[in-house]
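Residue numbers (my numbering): 101 to 500. Working notes, structure below.
What follows is the structure in structure tokens.
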């Protein structure tokens, strides 16, 4: 019997092999997860074969509450800085808006001259020279008269006080409330000179600022008037071509109505000033020129402007006599009816047509935001919004 060693059992396979059903070579069922994980780690760490210069990116900050708070605070700070910047430049913005409206208001006159065969440059020159000549003549006629009449008013002030004392109605009010006694105490007090000096200094500063603003507005108006066609063309080019024609038609209609409103308002104001000057001169009311200028300027203010001018003129007429004051009040009441129902409809027939309620609301909102300038610009802005609503918003609502 030979000592033959027993055969060794087969070593366990690292991976079991399974024969395929179609007789092919056996295949291994072991997963390649470690190898693929290693490859993915190498690819992620090396950036597809190239190392990342700043390392692997971290988790995104989308859900980080600290980042959300930081962005919110940054947005609030930006909004606050923007509001402060707008507040510091509000006077410049008002000048720009007023100049733009004046340019739109003068544009109908320029187009009228262009229709007569003049070039736009020549038409703008004629219109602008006419405007400047009007202001120069107005200043030459008004400033000496205003200064002379102001001096006469100061000289005649004691006489006016005496006339007020002799007036039965004023005497009755003085007996009840002691108005004249308080006025005399105020005039004899030592603070009057300081207040007058401060008032004169403030008035001089206000006058210089008003002259500078007027010159700036005239220069801006000239530039806007010359560049108005190019400005409108550039604005229309920002609109998509499919809607450009309709937007251009609406824009031209808005410019025409706003221009007609501004020009018509200036014409109505001029008529009010001339008519008031004629009546006040015939009635013997002093300072007729100054009062007519006040009436013309305040007549531009919607709703309350005519009442302010009438109240000032009636108060000055009270220094003449009580019947003259009553006649002045009656004149302005009658003239306002003529202006509202006869003059204004004829002048404004081709411009804006805004309902009374819309006019009141627009004037109140504009006056609250920008004062007198806002009240002046609110009505044409409301007319433009009304036209856009009627031509764009309402038809779209009807289709749905």
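We put the beta carbon where it would ideally sit given N, CA and C, even for glycine.
Is it buried or exposed for residue i, if we count other Cβ within 10 angstroms and need 16 for buried?
i: residue 323; result: exposed
i: residue 166; result: exposed
i: residue 393; result: buried
i: residue 445; result: exposed
i: residue 132; result: Residue placement at residue 132 cannot be trusted, given a pLDDT of 43 that sits under 50; what the coordinates show is reported in the next sentence. Residue 132 should be labelled exposed.
i: residue 130; result: Its pLDDT being 44, under 50, residue 130 is placed unreliably in this model, and the value from its coordinates should be taken loosely. So residue 130 counts as exposed.
i: residue 138; result: Caution applies to residue 138, whose pLDDT of 41 falls short of 50 and renders its modelled position unreliable; the model cannot decide the point.
i: residue 441; result: exposed
i: residue 378; result: exposed
i: residue 430; result: exposed
i: residue 475; result: buried
i: residue 369; result: buried
i: residue 153; result: exposed
i: residue 414; result: buried
i: residue 174; result: exposed
i: residue 308; result: exposed
i: residue 416; result: buried
i: residue 362; result: buried
i: residue 146; result: Here the model assigns residue 146 a pLDDT of 45, short of 50, so the residue's position is not dependable, and the following value carries that caveat. Classification for residue 146: exposed.
Roughly how many angstroms separate the alpha carbons of residue i and residue j, rounded to a whole number?
i: residue 523; j: residue 216; result: Limits of the chain in this structure are 101 at one end and 500 at the other, which puts residue 523 out of reach.
i: residue 197; j: residue 189; result: 12 angstroms
i: residue 443; j: residue 396; result: 15 angstroms
i: residue 272; j: residue 262; result: 14 angstroms
i: residue 192; j: residue 199; result: 11 angstroms
i: residue 219; j: residue 206; result: 15 angstroms
i: residue 407; j: residue 439; result: 13 angstroms
i: residue 244; j: residue 182; result: 45 angstroms
i: residue 187; j: residue 464; result: 21 angstroms
i: residue 385; j: residue 310; result: 28 angstroms
i: residue 313; j: residue 234; result: 17 angstroms
i: residue 424; j: residue 194; result: 40 angstroms
i: residue 269; j: residue 410; result: 20 angstroms
i: residue 332; j: residue 486; result: 20 angstroms
i: residue 488; j: residue 341; result: 19 angstroms
i: residue 499; j: residue 364; result: 37 angstroms
i: residue 354; j: residue 221; result: 23 angstroms
i: residue 454; j: residue 360; result: 13 angstroms
i: residue 319; j: residue 428; result: 39 angstroms
i: residue 305; j: residue 248; result: 21 angstroms
i: residue 230; j: residue 315; result: 15 angstroms
i: residue 178; j: residue 456; result: 40 angstroms
i: residue 479; j: residue 380; result: 31 angstroms
i: residue 426; j: residue 472; result: 29 angstroms
i: residue 180; j: residue 275; result: 56 angstroms
i: residue 155; j: residue 184; result: 43 angstroms
i: residue 176; j: residue 240; result: 52 angstroms
i: residue 211; j: residue 437; result: 32 angstroms
i: residue 346; j: residue 339; result: 10 angstroms
Closest to residue i by C-alpha separation, out of the options, would be which residue?
i: residue 433; options: 238, 359, 372; result: 372
i: residue 467; options: 421, 439, 404, 362; result: 404
i: residue 366; options: 455, 184, 398; result: 398
i: residue 201; options: 477, 339, 185; result: 477
i: residue 448; options: 256, 483, 240, 471; result: 483
i: residue 470; options: 381, 401, 248; result: 401
i: residue 225; options: 346, 321, 497; result: 321
i: residue 357; options: 481, 171, 437; result: 481
i: residue 259; options: 437, 496, 418, 170; result: 418
i: residue 317; options: 381, 184, 171, 232; result: 232
Can you tell me the Cβ-Cβ gap for residue i and residue j, rounded? I've got them flagged as a contact below 8 angstroms.
i: residue 391; j: residue 412; result: 7 angstroms
i: residue 227; j: residue 238; result: Actually they do not touch by this definition, with Cβ atoms about 17 angstroms apart.
i: residue 203; j: residue 213; result: With a Cβ gap of about 15 angstroms, residue 203 and residue 213 do not count as contacting.
i: residue 277; j: residue 375; result: Actually they are not in contact, since the Cβ atoms of residue 277 and residue 375 sit about 36 angstroms apart, beyond 8 angstroms.
i: residue 344; j: residue 336; result: 6 angstroms
i: residue 422; j: residue 266; result: Residue 422 to residue 266, Cβ: 11 angstroms. No contact.
Would the beta-carbon of residue i be found less than 6 angstroms away from any heavy atom of the ligand NAD?
i: residue 231; result: Among the components of this structure there are no ligands whatsoever, and the ligand NAD is therefore not found.
Requested in this report: Check whether the segment 317 to 329 touches the segment 455 to 462, counting contact only when three or more Cβ pairs, one atom from each stretch, lie closer than 8 angstroms.
Outcome: no
Query raised in the report: Does the pairing of the segment 484 to 492 with the segment 345 to 355 give three or more beta-carbon distances under 8 angstroms?
Result: Between the segment 484 to 492 and the segment 345 to 355 there are three or more C-beta pairs closer than 8 angstroms, enough to call the two in contact.
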